[in-house]
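Asks:
Residue numbers (full-length UniProt numbering): 1 to 99.
(1) If contacts are defined as beta-carbon pairs under 8 Å, then residue 86 and residue 78 qualify, I think. What distance do you get, rounded to the angstrom?
(2) If you reduce the DSSP assignment to three classes, tell me which class residue 67 lands in.
(3) List the endpoints of the continuous alpha helix (DSSP H) containing residue 83.
(4) Using 10 angstroms around the beta-carbon of residue 43, count the other beta-carbons present and answer buried if the total reaches 16, otherwise exposed.
(5) Please tell me whether residue 33 and residue 10 are closer than 7 Å, where the distance is taken between their beta carbons.
(6) Do you know how far the Cα of residue 67 is from the Cα of residue 54?
(7) Note down the Cα distance separating residue 76 from residue 92, rounded to an integer number of angstroms.
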C-alpha cells in the first residue's frame, strides 16, 4: 500500500501552483513513497543512546582570530574606482531607489 496517494500529489501540486500531467502524478507518488520509506528506515535506526549531531565528523572553527592589521587607506582603496563620492565607491542607482 502506497503511503503517498496520487490525490495527495495532485493536492501538493495545486498548492505549489504546478501543472502536472497524469503520468507525472503517478511517477511523483511513487518517488515520494520511496522517500517516506527511506525516512522511516532512518527513524527505526535512530536510538535514544545516540546523541543528535549535525555532522558525521566533529567540526572546529578554522577561522583566524580577528586582529587589527595595517590596510589600505580610503584614498588607496578608491584610487582605481571610476567614480567616488564622500569617500565611497559611487555606483549607478538601480531599481529606481530614492537617494
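For glycine and all other residues, C-beta sits at the position ideal for the given N, C-alpha and C.
Replies: Result, derived from the coordinates:
(1) Rounded, the Cβ-Cβ distance is 10 Å, inconsistent with contact.
(2) coil
(3) Taken as a continuous stretch (DSSP letters only), residue 83 belongs to no alpha helix (DSSP H), as it is neither H nor E.
(4) exposed
(5) no
(6) 30 Å
(7) 22 Å
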